[in-house]
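Quick notes on the structure that follows.
Numbering (the numbering used here), first residue to last: 11 to 339.
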(Lines of atoms letter the chains of each structure in order from A and count residues from 1; the text may use other names and numbers.)
(Lines give C-alpha, C1' and ligand atoms only; values in the text may rest on other atoms or scores of the structure.)
Protein backbone atom coordinates (compact mmCIF):
# COMPACT_ATOMS: atom_id res chain seq x y z
CA UNK A 1 0.00 0.00 0.00
CA UNK A 2 1.03 3.62 -0.40
CA UNK A 3 0.45 7.13 0.82
CA UNK A 4 -2.59 8.78 -0.68
CA UNK A 5 -3.08 12.47 0.04
CA UNK A 6 -6.79 11.95 0.46
CA UNK A 7 -6.10 9.71 3.47
CA UNK A 8 -4.03 12.47 5.11
CA UNK A 9 -1.81 9.75 6.53
CA UNK A 10 1.42 8.02 5.64
CA UNK A 11 -0.01 4.68 6.71
CA UNK A 12 -0.94 3.83 3.17
CA UNK A 13 2.50 3.95 1.68
CA UNK A 14 4.44 2.85 4.69
CA UNK A 15 3.86 -0.84 4.22
CA UNK A 16 5.41 -0.35 0.81
CA UNK A 17 8.51 1.23 2.33
CA UNK A 18 11.97 -0.28 2.35
CA UNK A 19 14.86 1.85 1.17
CA UNK A 20 18.38 3.06 2.12
CA UNK A 21 20.73 5.50 4.14
CA UNK A 22 24.37 6.54 5.22
CA UNK A 23 27.18 8.96 6.13
CA UNK A 24 28.77 10.69 9.09
CA UNK A 25 26.96 11.29 12.40
CA UNK A 26 24.95 14.44 12.87
CA UNK A 27 26.32 17.20 15.03
CA UNK A 28 23.13 19.22 15.29
CA UNK A 29 23.41 19.78 11.54
CA UNK A 30 25.96 22.53 12.08
CA UNK A 31 28.61 22.21 9.37
CA UNK A 32 31.16 24.43 7.62
CA UNK A 33 29.71 26.52 4.84
CA UNK A 34 30.21 25.31 1.28
CA UNK A 35 32.30 27.18 -1.28
CA UNK A 36 31.44 30.81 -1.95
CA UNK A 37 28.29 31.31 -3.99
CA UNK A 38 26.56 34.31 -5.63
CA UNK A 39 25.67 37.16 -3.28
CA UNK A 40 22.12 38.03 -2.30
CA UNK A 41 19.23 35.75 -1.29
CA UNK A 42 20.07 32.14 -2.10
CA UNK A 43 17.16 31.37 -4.40
CA UNK A 44 16.84 34.71 -6.20
CA UNK A 45 20.58 34.98 -6.86
CA UNK A 46 20.54 31.60 -8.60
CA UNK A 47 17.22 32.09 -10.37
CA UNK A 48 15.77 29.08 -8.55
CA UNK A 49 12.04 28.81 -7.82
CA UNK A 50 11.00 27.87 -4.30
CA UNK A 51 8.70 24.89 -4.59
CA UNK A 52 6.38 23.09 -2.22
CA UNK A 53 5.46 19.42 -1.89
CA UNK A 54 1.65 19.40 -1.94
CA UNK A 55 1.58 16.74 0.79
CA UNK A 56 2.33 19.65 3.14
CA UNK A 57 -1.09 21.14 2.45
CA UNK A 58 -2.98 17.94 3.25
CA UNK A 59 -6.74 18.31 3.49
CA UNK A 60 -6.63 21.83 2.06
CA UNK A 61 -5.84 20.32 -1.34
CA UNK A 62 -8.62 17.78 -0.93
CA UNK A 63 -11.30 20.30 0.05
CA UNK A 64 -10.44 23.08 -2.39
CA UNK A 65 -7.55 22.35 -4.71
CA UNK A 66 -7.98 25.39 -6.96
CA UNK A 67 -8.39 27.79 -4.06
CA UNK A 68 -5.39 26.33 -2.26
CA UNK A 69 -3.21 26.54 -5.35
CA UNK A 70 -4.24 30.17 -5.76
CA UNK A 71 -3.19 30.89 -2.17
CA UNK A 72 0.24 29.32 -2.49
CA UNK A 73 0.77 31.13 -5.78
CA UNK A 74 -0.03 34.41 -4.03
CA UNK A 75 2.49 33.54 -1.30
CA UNK A 76 5.11 33.22 -4.04
CA UNK A 77 5.38 29.53 -4.85
CA UNK A 78 5.65 28.88 -8.57
CA UNK A 79 6.68 25.23 -8.47
CA UNK A 80 5.02 22.23 -6.84
CA UNK A 81 5.58 18.52 -6.41
CA UNK A 82 2.56 16.27 -6.64
CA UNK A 83 1.69 13.52 -4.13
CA UNK A 84 -1.20 11.61 -5.66
CA UNK A 85 -3.79 12.70 -8.22
CA UNK A 86 -6.33 13.94 -5.64
CA UNK A 87 -9.14 12.31 -7.56
CA UNK A 88 -8.39 14.40 -10.63
CA UNK A 89 -7.30 13.44 -14.12
CA UNK A 90 -3.90 14.53 -15.40
CA UNK A 91 -5.62 17.05 -17.69
CA UNK A 92 -7.59 18.51 -14.78
CA UNK A 93 -4.46 18.78 -12.67
CA UNK A 94 -2.57 20.51 -15.47
CA UNK A 95 -5.42 22.96 -16.02
CA UNK A 96 -5.48 23.85 -12.31
CA UNK A 97 -1.74 24.42 -12.23
CA UNK A 98 -1.78 26.50 -15.41
CA UNK A 99 -4.65 28.63 -14.14
CA UNK A 100 -2.50 30.07 -11.34
CA UNK A 101 0.85 30.06 -13.12
CA UNK A 102 2.31 27.14 -11.19
CA UNK A 103 4.47 24.41 -12.73
CA UNK A 104 4.31 20.86 -11.42
CA UNK A 105 7.84 19.70 -12.20
CA UNK A 106 7.98 16.54 -10.11
CA UNK A 107 5.56 13.90 -8.86
CA UNK A 108 5.68 11.19 -6.23
CA UNK A 109 4.51 7.88 -7.69
CA UNK A 110 4.48 4.84 -5.44
CA UNK A 111 5.54 1.26 -6.01
CA UNK A 112 2.35 -0.65 -5.19
CA UNK A 113 -0.15 -1.51 -7.88
CA UNK A 114 -2.37 1.42 -8.74
CA UNK A 115 -5.56 1.77 -10.74
CA UNK A 116 -6.58 2.48 -14.30
CA UNK A 117 -6.94 6.16 -13.40
CA UNK A 118 -3.78 6.45 -11.28
CA UNK A 119 -1.04 4.02 -12.38
CA UNK A 120 1.95 3.26 -10.18
CA UNK A 121 5.51 2.12 -10.78
CA UNK A 122 4.64 -1.59 -10.80
CA UNK A 123 1.97 -0.98 -13.44
CA UNK A 124 2.51 -0.16 -17.11
CA UNK A 125 5.19 2.54 -16.97
CA UNK A 126 4.12 3.89 -20.34
CA UNK A 127 0.84 4.93 -18.68
CA UNK A 128 2.73 6.61 -15.85
CA UNK A 129 4.86 8.42 -18.41
CA UNK A 130 1.85 9.55 -20.43
CA UNK A 131 0.28 11.06 -17.31
CA UNK A 132 3.50 12.82 -16.32
CA UNK A 133 3.85 14.40 -19.75
CA UNK A 134 0.31 15.78 -19.51
CA UNK A 135 0.91 17.12 -15.99
CA UNK A 136 4.29 18.53 -16.99
CA UNK A 137 6.35 16.65 -14.40
CA UNK A 138 9.78 15.75 -15.74
CA UNK A 139 10.80 13.86 -12.60
CA UNK A 140 9.08 10.75 -11.26
CA UNK A 141 10.05 10.16 -7.64
CA UNK A 142 9.35 7.01 -5.67
CA UNK A 143 8.40 8.10 -2.13
CA UNK A 144 8.99 4.65 -0.65
CA UNK A 145 9.96 1.18 -1.78
CA UNK A 146 8.00 -2.04 -1.62
CA UNK A 147 8.98 -4.32 1.24
CA UNK A 148 10.85 -7.48 0.18
CA UNK A 149 8.41 -10.29 -0.55
CA UNK A 150 10.36 -12.73 1.61
CA UNK A 151 10.10 -10.58 4.75
CA UNK A 152 6.71 -11.02 6.41
CA UNK A 153 6.43 -8.70 9.41
CA UNK A 154 3.03 -7.41 10.46
CA UNK A 155 2.59 -4.32 12.64
CA UNK A 156 2.00 -4.82 16.34
CA UNK A 157 -1.07 -3.22 17.94
CA UNK A 158 -0.56 0.54 17.90
CA UNK A 159 2.66 0.27 15.90
CA UNK A 160 1.13 1.20 12.57
CA UNK A 161 3.51 2.32 9.89
CA UNK A 162 6.52 2.28 12.21
CA UNK A 163 6.70 -1.44 11.54
CA UNK A 164 9.09 -0.38 8.79
CA UNK A 165 11.85 0.00 11.39
CA UNK A 166 11.58 -3.72 12.14
CA UNK A 167 11.36 -4.63 8.46
CA UNK A 168 14.57 -2.82 7.53
CA UNK A 169 16.39 -4.38 10.47
CA UNK A 170 15.49 -7.78 9.05
CA UNK A 171 16.85 -6.91 5.61
CA UNK A 172 20.22 -8.23 4.46
CA UNK A 173 22.65 -6.54 2.10
CA UNK A 174 21.23 -8.54 -0.79
CA UNK A 175 17.76 -7.09 -0.20
CA UNK A 176 19.10 -3.57 -0.66
CA UNK A 177 21.02 -4.59 -3.76
CA UNK A 178 17.96 -6.20 -5.33
CA UNK A 179 15.92 -3.07 -4.70
CA UNK A 180 18.63 -0.92 -6.23
CA UNK A 181 18.67 -3.09 -9.33
CA UNK A 182 14.87 -2.87 -9.54
CA UNK A 183 15.18 0.90 -9.47
CA UNK A 184 17.77 0.80 -12.23
CA UNK A 185 15.27 -1.10 -14.35
CA UNK A 186 12.48 1.40 -13.65
CA UNK A 187 14.83 4.29 -14.32
CA UNK A 188 15.90 2.78 -17.63
CA UNK A 189 12.29 2.40 -18.78
CA UNK A 190 11.27 5.91 -17.72
CA UNK A 191 14.36 7.39 -19.32
CA UNK A 192 13.25 5.85 -22.60
CA UNK A 193 9.95 7.71 -22.08
CA UNK A 194 11.77 11.02 -21.66
CA UNK A 195 11.51 11.18 -17.87
CA UNK A 196 13.98 11.18 -14.99
CA UNK A 197 13.49 8.77 -12.08
CA UNK A 198 14.54 9.14 -8.48
CA UNK A 199 14.07 8.08 -4.88
CA UNK A 200 13.00 10.08 -1.82
CA UNK A 201 14.43 9.03 1.53
CA UNK A 202 13.05 8.84 5.03
CA UNK A 203 15.16 7.97 8.07
CA UNK A 204 14.74 4.21 8.11
CA UNK A 205 17.27 3.97 5.25
CA UNK A 206 19.98 4.74 7.79
CA UNK A 207 19.70 1.30 9.36
CA UNK A 208 23.10 -0.33 9.75
CA UNK A 209 23.91 -3.15 7.34
CA UNK A 210 27.32 -4.46 8.32
CA UNK A 211 29.75 -1.55 8.17
CA UNK A 212 27.44 0.51 5.97
CA UNK A 213 23.86 1.68 5.93
CA UNK A 214 21.07 0.81 3.56
CA UNK A 215 21.47 4.24 2.00
CA UNK A 216 25.14 3.58 1.24
CA UNK A 217 24.31 0.33 -0.51
CA UNK A 218 21.53 1.92 -2.47
CA UNK A 219 23.75 4.78 -3.60
CA UNK A 220 26.52 2.42 -4.63
CA UNK A 221 24.28 -0.05 -6.48
CA UNK A 222 22.07 2.36 -8.43
CA UNK A 223 23.23 3.69 -11.79
CA UNK A 224 23.67 7.49 -11.64
CA UNK A 225 22.51 7.76 -15.24
CA UNK A 226 19.22 6.06 -14.34
CA UNK A 227 18.45 6.95 -10.72
CA UNK A 228 18.75 10.33 -9.05
CA UNK A 229 17.87 11.16 -5.46
CA UNK A 230 15.58 13.64 -3.76
CA UNK A 231 17.25 14.19 -0.40
CA UNK A 232 14.81 14.90 2.40
CA UNK A 233 17.15 16.70 4.77
CA UNK A 234 14.63 16.71 7.61
CA UNK A 235 14.50 12.93 7.60
CA UNK A 236 18.29 12.81 7.25
CA UNK A 237 18.57 14.87 10.44
CA UNK A 238 15.97 12.70 12.17
CA UNK A 239 18.09 9.70 11.26
CA UNK A 240 21.05 11.23 13.08
CA UNK A 241 23.08 12.30 10.04
CA UNK A 242 24.29 15.58 8.61
CA UNK A 243 22.80 16.56 5.22
CA UNK A 244 25.93 18.51 4.27
CA UNK A 245 28.11 15.45 4.77
CA UNK A 246 25.68 13.40 2.72
CA UNK A 247 25.86 15.89 -0.16
CA UNK A 248 29.65 15.77 0.02
CA UNK A 249 29.88 12.00 0.26
CA UNK A 250 27.79 11.42 -2.86
CA UNK A 251 28.27 14.47 -5.10
CA UNK A 252 26.23 14.77 -8.28
CA UNK A 253 23.73 12.10 -7.18
CA UNK A 254 21.00 14.55 -6.24
CA UNK A 255 18.79 16.79 -8.34
CA UNK A 256 15.91 17.42 -5.94
CA UNK A 257 15.59 18.18 -2.25
CA UNK A 258 12.91 18.39 0.42
CA UNK A 259 13.49 21.49 2.51
CA UNK A 260 12.24 20.27 5.89
CA UNK A 261 13.08 21.37 9.41
CA UNK A 262 12.98 19.64 12.79
CA UNK A 263 13.07 20.80 16.37
CA UNK A 264 16.22 20.32 18.50
CA UNK A 265 14.21 17.80 20.53
CA UNK A 266 14.25 15.33 17.61
CA UNK A 267 16.22 12.25 18.63
CA UNK A 268 18.11 10.08 16.10
CA UNK A 269 16.02 7.09 15.05
CA UNK A 270 15.02 4.90 12.11
CA UNK A 271 11.36 4.69 13.15
CA UNK A 272 9.82 7.55 11.14
CA UNK A 273 9.80 9.79 14.20
CA UNK A 274 10.59 13.50 14.28
CA UNK A 275 9.48 16.68 15.99
CA UNK A 276 8.59 18.87 12.99
CA UNK A 277 8.54 22.63 12.78
CA UNK A 278 8.34 25.42 10.22
CA UNK A 279 11.35 25.80 7.93
CA UNK A 280 13.75 28.27 9.51
CA UNK A 281 12.41 27.62 13.01
CA UNK A 282 14.29 24.42 13.76
CA UNK A 283 17.83 23.17 14.15
CA UNK A 284 18.92 22.72 10.54
CA UNK A 285 21.67 25.06 9.37
CA UNK A 286 20.24 26.27 6.06
CA UNK A 287 23.14 28.61 5.38
CA UNK A 288 25.34 25.53 5.10
CA UNK A 289 22.85 23.03 3.70
CA UNK A 290 21.52 24.99 0.72
CA UNK A 291 24.93 25.87 -0.81
CA UNK A 292 26.09 22.28 -0.28
CA UNK A 293 22.97 21.00 -2.02
CA UNK A 294 23.48 23.36 -4.95
CA UNK A 295 27.13 22.38 -5.27
CA UNK A 296 26.08 18.72 -5.33
CA UNK A 297 23.70 19.35 -8.23
CA UNK A 298 20.34 20.05 -6.60
CA UNK A 299 18.20 22.35 -8.75
CA UNK A 300 14.69 21.57 -7.52
CA UNK A 301 13.82 22.54 -3.95
CA UNK A 302 10.45 21.70 -2.39
CA UNK A 303 9.45 22.86 1.07
CA UNK A 304 7.74 20.10 3.00
CA UNK A 305 6.54 19.89 6.58
CA UNK A 306 5.34 16.86 8.50
CA UNK A 307 2.38 16.75 10.86
CA UNK A 308 1.58 17.63 13.55
CA UNK A 309 1.39 21.34 12.75
CA UNK A 310 1.56 23.85 15.59
CA UNK A 311 0.34 26.47 13.14
CA UNK A 312 -2.01 25.95 10.22
CA UNK A 313 -0.70 24.25 7.09
CA UNK A 314 -1.02 27.36 4.95
CA UNK A 315 0.58 29.51 7.65
CA UNK A 316 3.49 27.07 7.83
CA UNK A 317 3.87 27.27 4.06
CA UNK A 318 3.94 31.06 4.23
CA UNK A 319 6.42 31.16 7.12
CA UNK A 320 8.76 28.82 5.27
CA UNK A 321 8.52 30.77 2.02
CA UNK A 322 9.25 34.10 3.70
CA UNK A 323 12.28 32.62 5.43
CA UNK A 324 13.69 30.97 2.32
CA UNK A 325 13.03 33.86 -0.05
CA UNK A 326 15.10 36.25 2.06
CA UNK A 327 17.81 33.84 3.23
CA UNK A 328 21.33 34.93 2.29
CA UNK A 329 23.91 32.13 2.48
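Don't be surprised by glycine CBs; every beta carbon is placed ideally from N, CA and C.
So what's residue 126 in DSSP terms, helix, strand or just coil? In the chain shown, counting from the first residue as 1, residue 126 sits at position 116. DSSP places residue 126 in the coil class of the three-state scheme, outside both helix and strand.
My output table needs one value for residue 61: the three-state DSSP class, helix, strand or coil. Here the question's residue 61 lines up with position 51 in the chain shown. Under the three-state reduction of DSSP output, residue 61 falls in the strand class.
Quick check on the burial criterion: 16 or more other C-beta atoms within 10 angstroms. Buried or exposed for residue 204? Against the chain shown, residue 204 aligns to sequence position 194. Label assigned to residue 204: exposed.
8 Å Cβ shell around residue 329 - same chain, five flanking residues per side excluded: Position 319 of the chain shown, counted from the start, is the residue given in the question as residue 329. The residues are 288, 289, 290, 291, 321.
Enumerate, from N- to C-terminal direction, the unbroken alpha helix (DSSP H) stretches of 4 or more residues contained entirely within the segment 206 to 274. Counting only runs of 4 or more, we get 224 to 231, 243 to 248, 253 to 259.
Give the list of continuous alpha helix (DSSP H) stretches no shorter than 4 residues that lie fully inside the segment 63 to 136. Listed in chain order, the alpha helix (DSSP H) runs fully inside the segment 63 to 136 are 69 to 73, 75 to 85, 100 to 109, counting runs of at least 4 residues.
Would the segment 275 to 283 count as touching the segment 233 to 242 if we require 3 or more Cβ pairs under 8 Å? At 8 Å Cβ cutoff, the stretches do not touch.
So what's residue 200 in DSSP terms, helix, strand or just coil? Looking up residue 200 in the chain shown gives position 190. In the three-state scheme derived from DSSP, where H, G and I count as helix and E and B as strand, residue 200 is classed as helix.
From which residue to which residue does the beta strand (DSSP E) around residue 178 run? Position 168 of the chain shown, counted from the first residue, corresponds to residue 178. Segment 174 to 179 is the alpha helix (DSSP H) holding residue 178; no beta strand (DSSP E) there.
Mapping the DSSP letters down to three states, classify residue 313 as helix, strand or coil. Counting from one through the chain shown, the residue named residue 313 turns up at place 303. Strand at residue 313.
Starting from residue 299, follow the alpha helix (DSSP H) in both directions and report where the run begins and ends. Along the chain shown, read from residue 1 onward, the residue named residue 299 stands at position 289. From DSSP, the alpha helix (DSSP H) with residue 299 extends over 296 to 305.
C-alpha gap between residue 172 and residue 229, whole angstroms: For this step, residue 172 is matched to residue 162 along the chain shown. For this step, residue 229 is matched to residue 219 along the chain shown. One C-alpha to the other measures close to 24 Å.
Rounded to the nearest angstrom, how far is the Cβ of residue 135 from that of residue 73, given a contact under 8 Å? One-based indexing of the chain shown puts residue 135 at position 125. One-based indexing of the chain shown puts residue 73 at position 63. About 32 Å; that fails the 8 Å criterion.
In angstroms, rounded to a whole number, what distance separates the CA positions of residue 201 and residue 184? The residue you call residue 201 lines up with position 191 of the chain shown. The residue you call residue 184 lines up with position 174 of the chain shown. Residue 201 and residue 184 have their C-alpha atoms some 25 Å from each other.
Start and end residues, beta strand (DSSP E) containing residue 151: Your numbering for residue 151 matches position 141 in the chain shown. Where residue 151 is concerned, the enclosing beta strand (DSSP E) stretches over 149 to 152.
Does residue 138 come out as helix, strand or coil in the three-state DSSP assignment? The sequence position of residue 138 within the chain shown is 128, counting from 1. Residue 138: helix per DSSP, three-state reduction.
Give the range of the alpha helix (DSSP H) segment to which residue 335 is assigned. Counted from its first residue, the chain shown places residue 335 at position 325. First-last of the alpha helix (DSSP H) with residue 335: 323 to 336.
Grab the span of the alpha helix (DSSP H) containing residue 54 for me, first residue to last. Within the chain shown, residue 54 is the residue found at index 44, counting from 1. Residue 54 -> alpha helix (DSSP H) spans 52 to 55.
Can you grab the Cα-Cα spacing for the pair residue 161 / residue 285, in whole Å? Translated into positions along the chain shown, residue 161 becomes position 151. Translated into positions along the chain shown, residue 285 becomes position 275. Straight-line Cα distance between these residues: approximately 29 Å.
Short check: CB of residue 151 to CB of residue 118, under 8 Å? Numbered from 1 along the chain shown, position 141 holds the residue referred to as residue 151. Numbered from 1 along the chain shown, position 108 holds the residue referred to as residue 118. Against a cut-off of 8 Å, the Cβ pair of residue 118 and residue 151 comes out as a contact.
Verify whether the separation of the beta carbon atoms of residue 116 and residue 310 is less than 8 Å. Taking the chain shown and counting its residues from 1, one reaches residue 116 at position 106. Taking the chain shown and counting its residues from 1, one reaches residue 310 at position 300. Between residue 116 and residue 310, the C-beta spacing is below 8 Å.
Within its chain, find whatever has a CB closer than 6 Å to the CB of residue 103; leave out the 5 residues flanking it on each side and keep chain order. On the chain shown, residue 103 is found 93 positions in, with the first residue counted as 1. The answer, listed in chain order, is 145.
Residue(s) in a DSSP beta bridge with residue 287: Taking the first residue of the chain shown as 1, we reach residue 287 at position 277. 271.
Using a threshold of 8 Å, state whether the C-beta atoms of residue 138 and residue 114 are closer than that. Position 128 of the chain shown, counted from the first residue, corresponds to residue 138. Position 104 of the chain shown, counted from the first residue, corresponds to residue 114. Going by C-beta atoms, residue 138 is not nearer than 8 Å to residue 114.
Please name the residue, chosen from 246, 315, 326, 276, that lies closest to residue 299 on a Cα-to-Cα basis. Reading the chain shown from its first residue, position 289 is the one you call residue 299. That would be 246, whose Cα lies nearest to the Cα of residue 299.
What does the Cβ neighbour count give for residue 338, buried or exposed, with the cut at 16 atoms within 10 Å? For the purposes of this step, residue 338 is identified with residue 328 of the chain shown, where counting begins at 1. It is exposed - the Cβ of residue 338 has fewer than 16 other Cβ atoms within 10 Å.
Three-state secondary structure assigned by DSSP to residue 194: Position 184 of the chain shown, counting from 1, holds the residue named residue 194. If DSSP states are grouped into helix, strand and coil, residue 194 belongs with the helices.
C-alpha distance - residue 196 paired with residue 131, whole-angstrom precision: Stepping through the chain shown from its first residue, residue 196 is reached at position 186. Stepping through the chain shown from its first residue, residue 131 is reached at position 121. Distance between the alpha carbons of residue 196 and residue 131: 8 Å.
How would you call residue 301, buried or exposed, if buried means at least 16 neighbouring beta carbons within 10 angstroms? Counting from one through the chain shown, the residue named residue 301 turns up at place 291. In the assembly as shown, residue 301 is a buried residue. Its beta-carbon has 16 or more other beta-carbons within 10 Å.
Proximity of residue 253 and residue 243 at Cβ, strictly below 8 Å: If you number the chain shown from 1, residue 253 lands on position 243. If you number the chain shown from 1, residue 243 lands on position 233. One thing to note: residue 253 has its Cβ within 8 Å of the Cβ of residue 243.
Buried versus exposed call for residue 262 [16 or more other C-beta atoms within 10 Å across all chains shown]: Sequence index remark: in the chain shown, residue 262 carries index 252 (1-based). That one is exposed.
Where does residue 211 land, buried or exposed, given buried means 16+ other C-beta within 10 angstroms? Residue mapping note: residue 211 aligns to position 201 of the chain shown, counting from 1. That one is buried.
If we call anything under 8 Å between Cβ atoms a contact, is residue 221 one with residue 265? The residue labelled residue 221 in the question sits at position 211 within the chain shown. The residue labelled residue 265 in the question sits at position 255 within the chain shown. Not closer than 8 Å, so no.
Residue 57 to residue 189, Cα distance in whole Å? Sequence index remark: in the chain shown, residue 57 carries index 47 (1-based). Sequence index remark: in the chain shown, residue 189 carries index 179 (1-based). Spanning the alpha carbons of residue 57 and residue 189 requires a straight line of approximately 36 Å.
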